[in-house]
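Participant:
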Amino acid sequence: MKIAGSTALVTGANRGFGRHLAAELVARGATVWAGARNPDTVDLPGVTPVRLDITDPASVAAAAERAGDVTLLVNNAGVSTGTDLLDGDLEKIRLELETHYLGTLSVVRAFAPRIAANGGGTILNVLSALSWFTFPGVGAYGAAKAAEWSMTNALRVELAGRGVRVAGLHVGYMDTEMAAAVPGPKAHPAEVARLAADGIESDSYEILADDVARRVQAGLSGGVAALYPALP
811 MKIAGSTALV TGANRGFGRH LAAELVARGA TVWAGARNPD TVDLPGVTPV RLDITDPASV
871 AAAAERAGDV TLLVNNAGVS TGTDLLDGDL EKIRLELETH YLGTLSVVRA FAPRIAANGG
931 GTILNVLSAL SWFTFPGVGA YGAAKAAEWS MTNALRVELA GRGVRVAGLH VGYMDTEMAA
991 AVPGPKAHPA EVARLAADGI ESDSYEILAD DVARRVQAGL SGGVAALYPA LP
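FYI, the numbering used here numbers position 158 of the sequence shown as 968, with every residue one higher than the one before it.
Structure representation (structure tokens):
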């Protein structure tokens, strides 16, 4: 896929990684719709804000009507509540699943037919290394991202015959507000945005943006013992 000349929609484009990726797409010659629950918070030059709450079906439908010329969809909007699976608020766990899984699916269902009708294109789901690996404190987020990864695989197969390629971006921690409390090294979102755009243009199905994602993926073949060596 060529980004130059395409029309893209990036969800959650008002801040963090979504803002960086929208900027990267603009720099590569795309026309960009910047989705946000409050479009007034979009301050990136060169994009067109569009109101989009991915957990609200009416909002998704309205955005699809307005931005019906899309050929590149980036599902980036997300939430991280830091909720413990055993003792945490079940409503917060439900929010993570409704956002990352059902919300993303709702956007795909609304836009995939339009992308196909526009001659085909690409959908990029922003996933995580936590799609494959988890630990206490991120259990709800990891479960939601694992579900989104499985959904990405299913959609990839279902949409392949309609000229719509579905890709997944896996990355460890990025230096954004969502990961502000996480210690240790973090990838710069602008660099991840560049790698994501490169992956889109090379028609990659799976984009591994950093060493964390690559190590975790490599550990999958080793099973539980390789991923969780501290278990008794």
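Yeah, the Cβ is synthetic: ideal placement off N, Cα and C, and Gly gets one too.
What number of angstroms, rounded off, separates the C-alpha of TYR983 from the C-alpha of GLY878?
Facilitator: Cα to Cα, TYR983 sits roughly 33 Å from GLY878.
Participant: So does the segment 827-844 actually touch the segment 995-1012, counting three or more Cβ pairs closer than 8 Å?
Facilitator: In short, these stretches touch, since the Cβ pair count reaches three.
Participant: Compare the beta carbon distance of ARG784 and VAL880 with 8 Å and say whether it is the shorter of the two.
Facilitator: There is simply no residue 784 to check, as the chain begins at 811 and stops at 1042 in what is shown.
Participant: Evaluate the contact criterion for the segment 1021-1040 versus the segment 946-957: three or more CB pairs, one atom per stretch, below 8 Å.
Facilitator: The segment 1021-1040 vs the segment 946-957: no contact.
Participant: Rounding to the nearest angstrom, what Cα-Cα distance links ALA920 and ALA871 in this structure?
Facilitator: Going by the C-alpha atoms only, they are around 7 Å apart.
Participant: Taking the straight line between their C-alpha atoms, what separation do you get for VAL918 and VAL889?
Facilitator: Each residue's Cα considered, the two are about 18 Å apart.
Participant: On the DSSP bridge assignment, give the partners of VAL842 in chain order.
Facilitator: Paired residues: ALA818, VAL857.
Participant: How is the alpha helix (DSSP H) around LEU934 delimited, first residue to last?
Facilitator: Segment 931-936 is the beta strand (DSSP E) holding LEU934; no alpha helix (DSSP H) there.
Participant: Run through DSSP, which three-state label would GLY973 get?
Facilitator: The answer is coil: DSSP assigns GLY973 none of H, G, I, E or B.
Participant: DSSP three-state call for GLY947: helix, strand or coil?
Facilitator: Residue state, collapsed to three classes: coil.
Participant: For LEU940, would you say it is in contact with chain B, using Cβ-to-Cβ distances shorter than 8 Å as the test?
Facilitator: This model lacks chain B altogether, as it is built from one protein chain only.
Participant: Under the DSSP definition of a beta bridge, which residues are partnered with ALA1003?
Facilitator: DSSP lists no partner for ALA1003.
Participant: Just grab the DSSP bridge partners of MET984 for me.
Facilitator: Answer is ALA997, bridged to MET984.
Participant: Within 10 angstroms of its Cβ, does LEU900 collect 16 or more other Cβ (buried), or is it exposed?
Facilitator: It counts as exposed.
Participant: VAL1026 lies in the alpha helix (DSSP H); which residues open and close that run?
Facilitator: 1021-1029 is the span of the alpha helix (DSSP H), which, as asked, contains VAL1026.
Participant: Going by C-alpha to C-alpha distance, which of ALA1023, SER1012, ALA1007 sits closest to PHE827?
Facilitator: Of ALA1023, SER1012, ALA1007, the residue nearest in Cα terms is ALA1007.
Participant: Given that a residue counts as buried once 16 or more other Cβ atoms are within 10 Å of its Cβ, and exposed if not, what is THR851?
Facilitator: Exposed is the call here.
Participant: I think LEU937 touches LEU979, with their Cβ atoms under 8 Å apart; what is that distance to the nearest whole Å?
Facilitator: Indeed they touch by this definition, with Cβ atoms about 6 Å apart.
Participant: How many angstroms separate the CA atom of VAL967 from the CA atom of LEU1041?
Facilitator: If I take the Cα positions, the gap works out to 35 Å.
Participant: May I have the straight-line CA-CA distance separating VAL842 from ALA887, to the nearest angstrom?
Facilitator: The alpha-carbon atoms of VAL842 and ALA887 are separated by roughly 15 Å.
Participant: Give the straight-line distance between the Cα atoms of TYR1015 and ALA977, rounded to the nearest whole angstrom.
Facilitator: So the alpha carbons of these two residues sit roughly 4 Å apart.
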